[in-house]
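To keep things clear, I will list the structure first and then write my remarks on it.
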Amino acid sequence: MPADSSPAAHGGDIVVVEGLTKTYAGGFQALKGVDLRIRSGEIFALLGPNGAGKTTLISIVCGIVNPGGGTVRVDGHDIVRDFRAARAKIGLVPQELSTDAFETVWDTVKFSRGLFGRAPDPAYLEKVLRDLSLWEKKDAKIMALSGGMKRRVLIAKALSHEPKVLFLDEPTAGVDVELRRDMWAMVSALRESGVTVILTTHYIEEAEEMADRIGVINHGELVLVEDKTALMRKLGKKQLTLHLQAPLQRLPEALASPALELTADGHELVYTFDAQADETGIAQLLRRLGEHGIDFKDLQTAQSSLEEIFVSLVRGGGNGGAGRGAQA
Ligand SMILES: Nc1ncnc2c1ncn2[C@@H]1O[C@H](COP(=O)(O)OP(=O)(O)OP(=O)(O)O)[C@@H](O)[C@H]1O
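Each step along the sequence shown adds one to the number in UniProt numbering, with nothing skipped, and position 200 is 200.
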């Protein structure tokens, strides 16, 4: 990336979204006041169920959809007042390759660069194609490429004008496991080259694998923004299920704790604990159960997955509020 004197070049936030709202014609409120700061050089994953507002948010930042209220700045440029400068900083990888089927890889990438008014730079484009393992295919027509290669062409096009921020909308939707791994490797390599990457995904595994930070959006609101490692620490929560000898009507008062739950049928006790804590509390729990004459015949443990955390977040339950406002 060429050096410049813009704010983000000094280690600030490359994308700053403040109070962003969007109401579509017809009255549907797709974004309800989103605040989000993307740090220069990070990989940020935006997770959310269908219809949560991910594409709307990305489309506004990329200038495809008009914002309602609020502001968005990309590398210091307002996306409305200073659209061309803001847009020039952005590469967008859409889900589908729509046109260009008869063009060669080289021509389509060269054309994309030209669209942004950048001077030709064959050496840069060669590097992009080589990095994406597309160099051998530079003279092939796009229609003759495999699905995975077409996806790479989309990335090459998005990188053709040397953007600072790359948006990937569902980069691995519908691709096989091998290509998904390739894409992950490519995105990591991009980060190494200094590009900030923002991706939307339905695949929690993808966010888990790639992202530095994760944002969860639901019903047009960001319900959580957190470092992945912090989120993974939350994942350290485990559950111990005790199958009781005899069903209990209710938990004795003395054992009442938010961490301990009796199942509806009274046959099981479920204890939730932090597997990474020094003191899980299990020994104490078992001792106290003994004191109350509660015997169990079997026990098992299970670890909650990011998937479960995500589901509880988007249902508005669980510990979803914990990360609210946690972004920088
Ligand atoms: N042009 C439009 N007119 C009216 N409503 C729209 C329009 N575009 C999107 N919506 C609605 O806004 C909501 C958010 O859509 P959006 O595409 O941003 O969600 P998403 O999180 O990207 O979903 P998905 O994961 O399914 O792509 C949805 O309920 C959608 O139906």
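Where is the CB? At the ideal position from N, CA and C, for every residue including glycine. Everything numeric in this text was worked out from a predicted model, so none of it was measured.
Kindly indicate the opening and closing residues of the alpha helix (DSSP H) around residue i.
i, result
"D182", "177-192"
"T56", "54-61"
"Q29", "Note, Q29: premise wrong, no alpha helix (DSSP H); beta strand (DSSP E) at 29-39."
"F111", "105-115"
"Q284", "282-291"
"L125", "122-131"
"L154", "147-159"
"A207", "204-210"
Let me check you understand the geometry: is the CB of residue i closer than 6 Å to at least one non-hydrogen atom of ligand 1?
i, result
"N66", "no"
"T55", "yes"
"A30", "yes"
"G215", "no"
"G48", "yes"
"G51", "yes"
"Y24", "yes"
Could you check if residue i is buried or exposed, using at least 16 other CB atoms within 10 Å of its CB as the buried criterion?
i, result
"K297", "exposed"
"T17", "Note that residue 17 corresponds to Val in the displayed sequence, not to Thr. Buried is the call here."
"E192", "exposed"
"E178", "exposed"
"D75", "buried"
"H77", "buried"
"P163", "buried"
"P67", "buried"
"Q327", "Residue placement at Q327 is flagged as unreliable, the pLDDT there being 29, under the threshold of 50; the coordinate-derived value follows with that caveat. Buried."
"D295", "exposed"
"L20", "buried"
"residue 330", "The requested residue 330 does not occur in the structure, where the chain is confined to residues 1 to 328."
"E268", "buried"
"E226", "buried"
"D206", "Checking the sequence, you will find Glu at residue 206 rather than Asp. Buried."
From what residue to what residue does the beta strand (DSSP E) around residue i run?
i, result
"R213", "213-218"
"T71", "71-74"
"G91", "90-93"
"I79", "Unbroken run through I79: none, as it is neither H nor E."
"residue 331", "In the structure displayed, the chain extends from 1 to 328; residue 331 sits before or after that span and is not available."
"K22", "13-23"
"F273", "268-274"
"F102", "Premise fails: F102 is in no beta strand (DSSP E) and is neither H nor E."
"G255", "The sequence shown places Leu at residue 255, not Gly. Looking at the DSSP string, L255 is not in any beta strand (DSSP E), and its letter there is neither H nor E."
"V165", "165-169"
"L260", "260-262"
"A45", "43-47"
"T200", "196-201"
So, is the C-beta of residue i closer than 7 Å to a C-beta in chain D?
i, result
"I43", "Absent from the structure is chain D; it holds one protein chain and no more."
Touch check for the segment 147-159 and the segment 124-132: three-plus C-beta pairs under 8 Å? These segments touch.
Cβ contact check for the segment 235-254 and the segment 268-288: 3 or more pairs under 8 Å: With the cut-off at 8 Å, the segment 235-254 and the segment 268-288 touch.
Give a yes or no on contact between the segment 136-143 and the segment 161-170, applying the rule of three or more CB pairs nearer than 8 Å. No contact exists between the segment 136-143 and the segment 161-170.
Three or more C-beta pairs below 8 Å linking the segment 22-34 and the segment 76-95: Because the criterion of three Cβ pairs below 8 Å is not met, the segment 22-34 and the segment 76-95 do not touch.
Can you find at least 3 beta carbon pairs, one from the segment 192-203 and one from the segment 47-58, that sit closer than 8 Å? Using a Cβ-Cβ distance cut-off of 8 Å, the segment 192-203 and the segment 47-58 are in contact, since at least three pairs of beta carbons, one from each stretch, lie closer than that value.
Touch check for the segment 241-252 and the segment 216-227: three-plus C-beta pairs under 8 Å? Here the segment 241-252 does not lie against the segment 216-227, with fewer than 3 beta-carbon pairs under 8 Å apart.
Can we say the segment 88-95 touches the segment 33-45, given the rule of at least three CB pairs closer than 8 Å? No: the two stretches stay apart, fewer than three of their Cβ pairs being nearer than 8 Å.
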